[in-house]
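Heads up, the thing below is written out as structure tokens.
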Amino acid sequence: GQSLEQPSEVTAVEGAIVQINCTYQTSGFYGLSWYQQHDGGAPTFLSYNALDGLEETGRFSSFLSRSDSYGYLLLQELQMKDSASYFCAVRDRRSGYSTLTFGKGTMLLVSP
Amino acid sequence: DGGITQSPKYLFRKEGQNVTLSCEQNLNHDAMYWYRQDPGQGLRLIYYSQIVNDFQKGDIAEGYSVSREKKESFPLTVTSAQKNPTAFYLCASSGGQSGSDEQFFGPGTRLTVL
């Protein structure tokens, strides 16, 4: 089966940098995705890593180490609107089809 | 505008009743998914479908049923056999065109069993 571990909550102040870690155990690993979800809203895609290394998209970056079964999401120049839950998700294959298995999420609280 | 719609936004049900949640997409995506989210929890996969007239059970399919008669539609029925149905239900779709197989989510339906 699949399992993912990420911290339940992280707090930071505006303008700071925060890193949200994710470790996973899975078979048939294809890649690691990150999604953002504001309270009561729909999750939205942030990034995806299939290969080792860092992917940068604006203020957000994501890192993957396949050998360590580990990844992280790095958020820079934090803004109040970044307060949300962040989910890592492993992309794998079941019955020949691509699926995502999500972690329990990390709630990020950004204070002034 | 392309997107995914779910209806209703809020749904109340009496114990012992079946209820059907709607999910429609106009993104021309082949794959569709249903997830359940409980407070403070991640998303758990209920059912998924990659093509019309075909679907597979996810991690928590017991007490749920689906159909995929049209590419655009993937309704979820929560049956009376589901022991604890109160939750936030999210529908998603993906086109498989990008390497990430990014999933696009609807706004969700919040189901409460009275």
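Just so you know, the sequences run in chain order G and Y.
My numbering puts the first residue of the first sequence at 16, with every later residue one more than the last.
My numbering puts the first residue of the second sequence at 117, with every later residue one more than the last.
Ideal Cβ placement from N, Cα and C applies to all residues, glycine included.
Please read these numbers as outputs of a predicted model, since none were measured by experiment.
Counting only Cβ pairs nearer than 7 angstroms, list the residues of chain G close to residue i.
i: Asp217 of chain Y; result: Arg106 and Ser113
i: Gly118 of chain Y; result: Under the 7 angstroms cutoff, chain G gives no residues; its nearest Cβ is about 14 angstroms from Gly118 of chain Y.
Assign residue i to buried or exposed, taking buried as 16 or more other Cβ atoms, counted over all protein chains shown, within 10 Å of its Cβ.
i: Asn144 of chain Y; result: exposed
i: Arg108 of chain G; result: exposed
i: Arg106 of chain G; result: buried
i: Tyr126 of chain Y; result: exposed
i: Met95 of chain G; result: exposed
i: Pro127 of chain G; result: exposed
i: Pro201 of chain Y; result: buried
i: Pro155 of chain Y; result: exposed
i: Gln198 of chain Y; result: buried
i: Glu218 of chain Y; result: buried
i: Asn64 of chain G; result: buried
i: Asp83 of chain G; result: exposed
i: Gly68 of chain G; result: exposed
Which chain Y residues sit within Cβ distance under 8 angstroms of residue i?
i: Glu22 of chain G; result: At residue 22 of chain G the sequence reads Pro, which differs from the Glu that was named. The contacting residues do not exist; Pro22 of chain G stays about 13 angstroms from chain Y at best.
i: Phe60 of chain G; result: Ser216, Glu218, Gln219 and Phe220
Quick one: list the residues of chain Y neighbouring residue i, beta-carbon separation under 9 angstroms, in chain order.
i: Ala99 of chain G; result: Simply none; closest approach about 14 angstroms.
i: Phe102 of chain G; result: Gly158 and Leu159
For a test of the three-state rule: what should DSSP assign to residue i, helix, strand or coil?
i: Asp107 of chain G; result: strand
i: Gln166 of chain Y; result: strand
i: Ser48 of chain G; result: strand
i: Ala31 of chain G; result: coil
i: Ser123 of chain Y; result: strand
i: Asn144 of chain Y; result: coil
i: Glu218 of chain Y; result: coil
i: Gln17 of chain G; result: coil
i: Gln153 of chain Y; result: strand
i: Gln133 of chain Y; result: coil
i: Ser42 of chain G; result: coil
i: Ser209 of chain Y; result: strand
i: Ser23 of chain G; result: coil
i: Leu227 of chain Y; result: strand
Is the shortest distance between the beta-carbon of residue i and the beta-carbons of chain A less than 7 angstroms?
i: Gly158 of chain Y; result: The question asks about chain A, but that chain is absent: this structure's protein chains are G and Y.
Starting from the beta carbon of residue i, find every residue of chain G whose beta carbon is closer than 8 angstroms, and list them in chain order.
i: Leu206 of chain Y; result: Ala57 and Pro58
i: Pro223 of chain Y; result: Gly56 and Ala57
What I want to know is whether the C-beta of residue i ends up closer than 6 angstroms to one or more non-hydrogen atoms of the ligand ZN.
i: Ile167 of chain Y; result: Summarising the ligand content, the structure contains no ligands, and the ligand ZN is consequently not present.
Can you pull out the residues from the stretch 105–124 of chain G whose beta carbon lies closer than 9 angstroms to at least one beta carbon of chain Y? Arg106, Arg109, Ser110, Gly111, Tyr112, Ser113, Thr114, Leu115, Thr116, Phe117, Gly118, Lys119, Gly120 and Met122
Contiguous alpha helix (DSSP H) assignments of at least 4 residues, all confined to the stretch 169–204 of chain Y: Taken in chain order, the whole alpha helix (DSSP H) runs of length 4 or more contained in the stretch 169–204 of chain Y number zero.
Counting only runs that start and end within the stretch 55–127 of chain G, where is the alpha helix (DSSP H) found for 4 or more residues in a row? Taking only runs of at least 4 residues, no alpha helix (DSSP H) segment lies wholly in the stretch 55–127 of chain G.
Residues in the stretch 165–186 of chain Y with C-beta within 7 angstroms of chain G's C-beta atoms, listed in sequence order? Gln166 and Gln172
Beta carbons nearer than 8 angstroms to chain Y: which residues of the stretch 77–97 of chain G have them? Cβ contacts with chain Y: none found.
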